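Trainee: Here it is: the structure, laid out below.
Protein chains in written order, with the working numbering: chain D, 3 to 117; chain U, 76 to 189.
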């Protein structure tokens, strides 16, 4: 499976600021996914990022709040904009496995705390 | 609307015994199911999956059972080991080519005791 890294691993930010999270994959992938796990909750898909096209956002998530870049086949960024304490979560990126089935493989996550 | 439910937030099992983690779903369009394990400060790790055309899939100590009529799946770990202590998530997907999103349950924390 692909090796996925994320930066930063954690951060503490003040409300009203923005944070950009980076996701790097060691192989070229068509689709990358961004998830959020709020405290005590399940993982929720924020958006799907294809290289060369606009990200597709799930219901409840908008581009102004979570802009995504996908400049090439191994890298993506997610920005959490104008943060509030409710944005405190673990943010994870994922990619499909090589089998071509539905398994997704996840990065280690970015733990964000907004004060 | 929680389409994938794990009704047991926690489970404690003795080392060497069987761990059974349960998951229920409501969306009849789901046709592929997965289990993930998550340690603190790490991303979820894929464990095992099952297609809706099967009722059982086995990989070493891990077996997943699917009961489509009951919309229920379970993960059996035999024998349980202390290293299995983690949070386990079930996830489901509806066939949509390569754009299938995963819908996750809320997780069950498994503790394997000595």
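Just so it is clear, CB atoms sit at the ideal spot from N, CA and C, and this is done for glycine as well. All figures in this text were calculated on a predicted structure; none of them were measured in a lab.
Quick one, which of 110/D, 104/D, 16/D, 34/D has its alpha-carbon nearest residue 83/D's?
Mentor: Against the first chain, residue 83/D aligns to sequence position 81. Comparing Cα-Cα distances from residue 83/D to each of 110/D, 104/D, 16/D, 34/D, the minimum goes to 16/D.
Trainee: Out of 86/U, 138/U, 155/U, which has the shortest C-alpha to C-alpha gap to residue 148/U?
Mentor: The residue labelled residue 148/U in the question sits at position 73 within the second chain. The candidate whose alpha carbon is nearest that of residue 148/U is 138/U.
Trainee: Quick check: the segment 95 to 113 of chain U against the segment 155 to 171 of chain U, are at least 3 beta-carbon pairs closer than 8 Å?
Mentor: Segment contact: the segment 155 to 171 of chain U against the segment 95 to 113 of chain U, three or more CB-CB distances shorter than 8 Å; contact assigned.
Trainee: Roughly how many angstroms lie between the CA atoms of residue 23/D and residue 44/D, to the nearest whole one?
Mentor: Working through the first chain from its first residue, we reach residue 23/D at position 21. Working through the first chain from its first residue, we reach residue 44/D at position 42. Looking at the two C-alpha atoms, the distance is approximately 20 Å.
Trainee: How about residue 83/U and residue 178/U: do their beta carbons lie closer than 8 Å?
Mentor: Position 8 of the second chain, counted from the start, is the residue given in the question as residue 83/U. Position 103 of the second chain, counted from the start, is the residue given in the question as residue 178/U. At a Cβ-Cβ threshold of 8 Å, residue 83/U and residue 178/U do not count as neighbours.
Trainee: Between residue 164/U and chain D, is the shortest Cβ-Cβ distance under 8 Å, so that the two count as touching?
Mentor: The residue given as residue 164/U occupies position 89 in the second chain. Yes - at least one Cβ of chain D is within 8 Å of the one on residue 164/U.
Trainee: Tell me the DSSP secondary structure of residue 73/D in three-state form.
Mentor: Sequence index remark: in the first chain, residue 73/D carries index 71 (1-based). In this structure, residue 73/D counts as strand in the three-state DSSP scheme.
Trainee: List the endpoints of the continuous beta strand (DSSP E) containing residue 88/U.
Mentor: Here residue 88/U refers to the residue found at position 13 when the second chain is read from its first residue. That run of the beta strand (DSSP E) goes 85 to 89.
Trainee: Going by other Cβ atoms of all chains shown within 10 Å of its Cβ, with 16 needed for buried, is residue 81/U buried or exposed?
Mentor: Numbered from its first residue, the second chain carries residue 81/U at position 6. Residue 81/U is buried by the Cβ-count criterion.
Trainee: Between residue 107/U and chain D, is any beta-carbon pair separated by less than 8 Å?
Mentor: Your numbering for residue 107/U matches position 32 in the second chain. Closer than 8 Å: yes.
Trainee: Is the Cβ-Cβ distance between residue 140/U and residue 130/U less than 8 Å?
Mentor: As a first step, residue 140/U must be located in the second chain, where it is residue number 65. As a first step, residue 130/U must be located in the second chain, where it is residue number 55. Result yes, Cβ atoms of residue 140/U and residue 130/U sit closer than 8 Å.
Trainee: For the beta strand (DSSP E) holding residue 106/U, just list the boundary residues, first then last.
Mentor: The residue labelled residue 106/U in the question sits at position 31 within the second chain. Here the beta strand (DSSP E) through residue 106/U covers 105 to 113.
Trainee: Under 8 Å, Cβ to Cβ, is there at least one residue of chain U near residue 45/D?
Mentor: For the purposes of this step, residue 45/D is taken as the residue at position 43 of the first chain. Interface residue, yes.
Trainee: Quick one: residues in its chain with C-beta nearer than 8 Å to the C-beta of residue 106/D, no 5 flanking neighbours on either side, listed in chain order?
Mentor: Counting from 1 along the first chain, the entry for residue 106/D is found at position 104. Excluding positions up to five away in sequence, the list reads 35, 96, 97, 98, 99.
Trainee: Alpha carbon to alpha carbon, what distance is there between residue 57/D and residue 76/D?
Mentor: As a working note, residue 76/D is residue 74 in the first chain. As a working note, residue 57/D is residue 55 in the first chain. Between residue 76/D and residue 57/D, the C-alpha separation is close to 15 Å.
Trainee: State the start and end residues of the unbroken beta strand (DSSP E) segment that holds residue 188/U.
Mentor: The residue you call residue 188/U lines up with position 113 of the second chain. It spans 183 to 188 - the beta strand (DSSP E) in which residue 188/U sits, taken as one unbroken run.
Trainee: Which residues in the same chain as residue 97/U place their Cβ atom closer than 6 Å to its Cβ, once the five residues preceding and following it in sequence are excluded?
Mentor: For the purposes of this step, residue 97/U is taken as residue 22 along the second chain, with counting starting at 1. Cβ within range, chain order: 149.
Trainee: Chain D partners of residue 185/U, CB-CB under 8 Å?
Mentor: Position 110 of the second chain holds residue 185/U. Ordered by position in chain D, no residue passes the 8 Å Cβ test against residue 185/U, which lies about 16 Å from the chain.
Trainee: Contact defined as beta carbons within less than 8 Å: I believe residue 87/D pairs with residue 64/D. What is the distance between those atoms, to the nearest angstrom?
Mentor: As a first step, residue 87/D must be located in the first chain, where it is residue number 85. As a first step, residue 64/D must be located in the first chain, where it is residue number 62. The pair is not a contact, with the Cβ atoms about 19 Å apart (cut-off 8 Å).
Trainee: What would DSSP say about residue 88/D, mapped onto helix, strand or coil?
Mentor: Here the question's residue 88/D lines up with position 86 in the first chain. It is helical.
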